[in-house]
Structures are given as structure tokens and as C-alpha cells.
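Taking it in order: structure first as C-alpha cells, then the write-up.
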Amino acid sequence: MSIYKSEEGRRKSLELYDRQLAKLQLPFSDIYADTSFGKTHIIDTGNKEGRPLLVFHGGNSTSSYNLLLCRFLLADFHIFAVDTIGHPGKSDEVCLSPRGYDYGRWAGEVIEKIGYDRIACFGGSFGGGILAKLICTAPQKVEKAVFIVPAGIHNAVPVSSVRMMIPLLQYRITKKEKYLIKTALYMALHREVLDKDTLDILKDSFEHVKTKVGMPTNIDRRKLSGYHAPTLVIASKKDCLFPAKKVLPRAKQLFPNCKVYELKDSGHMHVLPEKVKGWIVDFLK
Numbered sequence: 001m002s003i004y005k006s007e008e009g010r011r012k013s014l015e016l017y018d019r020q021l022a023k024l025q026l027p028f029s030d031i032y033a034d035t036s037f038g039k040t041h042i043i044d045t046g047n048k049e050g051r052p053l054l055v056f057h058g059g060n061s062t063s064s065y066n067l068l069l070c071r072f073l074l075a076d077f078h079i080f081a082v083d084t085i086g087h088p089g090k091s092d093e094v095c096l097s098p099r100g101y102d103y104g105r106w107a108g109e110v111i112e113k114i115g116y117d118r119i120a121c122f123g124g125s126f127g128g129g130i131l132a133k134l135i136c137t138a139p140q141k142v143e144k145a146v147f148i149v150p151a152g153i154h155n156a157v158p159v160s161s162v163r164m165m166i167p168l169l170q171y172r173i174t175k176k177e178k179y180l181i182k183t184a185l186y187m188a189l190h191r192e193v194l195d196k197d198t199l200d201i202l203k204d205s206f207e208h209v210k211t212k213v214g215m216p217t218n219i220d221r222r223k224l225s226g227y228h229a230p231t232l233v234i235a236s237k238k239d240c241l242f243p244a245k246k247v248l249p250r251a252k253q254l255f256p257n258c259k260v261y262e263l264k265d266s267g268h269m270h271v272l273p274e275k276v277k278g279w280i281v282d283f284l285k
């Protein structure tokens, strides 16, 4: 069953994928890895002389959009940006359950297929949940880990998702951008977060993709006995999905070698301050 609402929607979604990837203005190559869960597409880009870094994108989004958010990593790291299987992009349209640990097993296979025994990993939102599941299923494969507003550590009850439904319905009926913005502001809080690329990916998700609302569930502490890698967890104080007050204390309980940071005036969708980007680069180096 397709993850897209129509074949025309699939075409438009992939056109946006290619347009946003072209905005990087960097050379890249496509890797297609055959995993037991399905064929997986990975964008190979960044600094080929730098430390390898596997990057997982957010839910109902794409690696090409995520790379625009992660431009600050491209100069220093050899990036492998993986298209989450069953989400928009160029991997197979095979949906895995967010409740178990299949996403972790899939991610572990991806690491093997790109030729690494261990690799540093970076995951945001849904992608952070995938990284959390990976740490539970194959801790020895994660050299370092950076989580940004992650699922899978301490998810909140998404009350705001219910309030979002009214402006989202208004957007779907009218296609007026003001309702798209109103919907997004429940997660973004600040209008300046919603640049053209962000509005384009939201529009694509709402119009063309069968949106997935289930996030990777909280990981079981008992599955982490073999994990000791350096870990950085960044969460937003006003995140309606994964609030810092829940995520950061549990992260320190889960991960023995863990640094945490709270984004004070940010929601789930945010712009990382330059100093925080610098900390992430230094941590990964």
C-alpha cells in the first residue's frame, strides 16, 4: 500500500525532494541498500575527508529537507542521510511499527550496508526515536549520538495535536497559506521558524502523504546495558510533543555518558542557535 494519497502526489513529493536537495549546491551520490525490511535510499554528501555521520530525519519529512536544516554539519562531516523506510523519499514504502524495535534493527542493517562497524549518529524528532531504538538493538554500532527534540525517550501526550486539527481542516478545505501557518505554529511557536522550505515540506506532507501520527515509543531502560557511547540530547522547553522537562531528566537516567541542553524559547519546530550548532560540531568531532 502506498504511503502517498495518489500517484500525482507521489510525483510532486519527489519533485520537491529533488528541488530541496539541489539547494545544497553540493555534490552527492545515491546509495541504495537492500535490507531485510526493504530497499533503503541514502544520500552520500558533505566532506568526504571528515568523520562519517549517519543522519535520521523527522517523521513525514525527507532527508533533503533535513539536510537544509543540517547545513552546519556539511563542512566537517561525511554525511550519510538516510531516507526512513515507509516515509516520504526514495526508500521502499514499507511501514514499520513505531511500537517495537524494528526501526532500530533496520537502522543497524543500514550501518552494515554502508560499510561501517560503528558510526556517529544524529537524529531529530522521529529520527531521534529511530536512533534510540538503534541504541537498544545494536549499541555497539553507535560511536556517538546526538538527539534533537527526540521521540522515544519521554514522549508527552500530544494534546496540541487535537487543537491543530481545526486550522488543518481549514487549510485542507481552502488551501490558504494562513491556515497552514496557523497549524504549524502549534509546533513552531514563532513565525520566523516557518521559512519557505519548511512551509513547502509541511504542505507536501498535508496534501500528498498519508501522515503518520504514531511516534517511536519510549525505549526500555533494560535494553541499554550495553550502551556507553558519548551522547548529547537537546530538547525544547515548549515542545508540545517531547518537552525538555520530561526528555532531559530521563535521558540522563538512560544514558551513562550523557550531556543535555534545553532550548528555552523554542517549540518542537525551531531554529538552532549558532552557539548550539557549534557545540554539536565540537561534540561530534
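Mapping the sequence shown onto full-length UniProt numbering, position 16 (from 1) lands on 16, and the numbers just tick up by one.
Think of the CB as a built atom: it goes at the ideal place given N, C-alpha and C, for glycine as much as any other residue.
Whole-Å CB distance - residue i paired with residue j, under 8 Å assumed
i, j, result
"Val171", "Phe206", "The sequence shown places Tyr at residue 171, rather than the Val named in the question. Yes, they are in contact, since the Cβ atoms of Tyr171 and Phe206 sit about 7 Å apart, within 8 Å."
"Ala33", "Ile43", "The Cβ separation is near 12 Å, so there is no contact."
"Ile3", "Lys203", "Between Lys203 and Ile3 the Cβ distance is about 16 Å, and since that is not below 8 Å, they are no contact."
"Asp220", "Gln20", "With 8 Å as the limit, Asp220 and Gln20 do not qualify as a contact, their Cβ atoms being about 36 Å apart."
"Ala138", "Ile153", "Contact flag wrong, Cβ pair sits at about 18 Å."
"Asp92", "Lys12", "Wrong, their Cβ atoms sit about 19 Å apart, outside the cutoff."
"Ala229", "Val146", "Wrong, their Cβ atoms sit about 11 Å apart, outside the cutoff."
"Thr45", "Leu69", "With 8 Å as the limit, Thr45 and Leu69 do not qualify as a contact, their Cβ atoms being about 14 Å apart."
"Leu241", "Asn155", "7 Å"
"Asn60", "Pro88", "7 Å"
"Pro216", "Phe126", "7 Å"
Coil, strand or helix - residue i by DSSP
i, result
"Phe77", "strand"
"Val193", "helix"
"Gly128", "helix"
"Thr45", "strand"
"Val55", "strand"
"residue 349", "No information on residue 349 is available, as it lies outside the stretch 1 to 285 that the chain covers here."
"Ser29", "strand"
"Val213", "coil"
"Tyr116", "coil"
"Val162", "helix"
"Arg221", "helix"
"Ile135", "helix"
"Arg71", "helix"
"Leu168", "helix"
"Ile173", "helix"
"Ile201", "helix"
Beta-bridge pairing of residue i - partner residues as DSSP gives them
i, result
"Gly267", "Gly267 pairs with nothing; no bridge assigned."
"Lys39", "Asp34"
"Glu93", "None, per the DSSP bridge assignment."
"Ala145", "Cys121, Thr231"
"Cys258", "Thr231"
"Ile4", "According to the sequence provided, residue 4 is Tyr. The question's Ile does not apply to it. Bridge partners of Tyr4: Val209."
"Val82", "Ile42, Phe56"
First and last residue of the uninterrupted alpha helix (DSSP H) at residue i
i, result
"Leu21", "7-22"
"Phe283", "274-284"
"Pro249", "244-254"
"Thr62", "Run containing Thr62: none; DSSP gives neither H nor E here."
"Lys178", "177-188"
Start and end residues, beta strand (DSSP E) containing residue i
i, result
"Ile111", "Note, Ile111: premise wrong, no beta strand (DSSP E); alpha helix (DSSP H) at 102-113."
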